[in-house]
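In the working numbering, the protein residues as written are 743 to 962.
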């Protein structure tokens, strides 16, 4: 049995505009200067508490900001112009993989369960994943616990699992859990940074990722 675990933001879906709007709204609500887009996007993948603490500083009311973020996220997701959108080819890839014998799918995300599960439901993807690991279930990336829990939940060994993500935090987490790290270049950190962080391969487009997974899985 093979386990294929995906990051969410920047890997499966384009959530750039939604994240930036959420950050702007929350910082404005607390009378703080909103971070630059570059600063916001550079931290995507880590847990929300760590992101807000790094962007707002240690004196900011982080627990209250986290609660506000949840409210803002739910409100902004109702706007079709802001909701997460799958990258081209991702939906087909997920559905094809879900029908592949001896393959299980998982998610490991910096979102909380309360944030990622509604997004998966809205996309019609929740049923495709046998394990969903979120930031409220383990320490923030790059700590390996989310992936270790995914292995335990599915009964798959590390050598039979891969983790696919778009940030250096993803690559570091995969290596710490002894999974093969595969990067995608269409997200937030870019191919060079992913390779430097230890990516086994970096897919430039979804078809590259499909081929990479086919090579790794071998004949079905």
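Positions of the beta carbon are idealized from the N, C-alpha and C atoms, including for glycine.
Please read all numbers here as calculations on a predicted model, not as lab measurements.
- Task: Starting from the C-beta of residue 956, find all residues in its chain whose C-beta is less than 7 Å away, skip the five residues before and the five after it, and write them out in chain order.
- Result: none
- Task: Could you tell me the distance, in whole angstroms, from the CA atom of residue 843 to the CA atom of residue 756?
- Result: 29 Å
- Name the one or two DSSP bridge partners that residue 944 has. 925
- Query: Based on Cα-Cα distance, which residue from 934, 839, 781 and 823 lies nearest to residue 743?
  - Reply: 839
- Less than 9 Å separating the beta-carbons of residue 831 and residue 947? yes
- Query: From 960, 910 and 938, pick the residue whose C-alpha is nearest to that of residue 786; which is it?
  - Reply: 910
- Could you round the C-beta distance between residue 944 and residue 849 to whole angstroms and report it? I think they count as a contact, below 8 Å. Incorrect: roughly 20 Å between the Cβ atoms, too far for contact.
- Message: With H, G and I counted as helix, E and B as strand and the rest as coil, what does DSSP make of residue 770?
- Response: helix
- Query: What three-state label does DSSP hand residue 748 in the structure shown?
  - Reply: strand
- Residue nearest to residue 859 in terms of C-alpha spacing, selected from 834, 904, 778 and 819: 819
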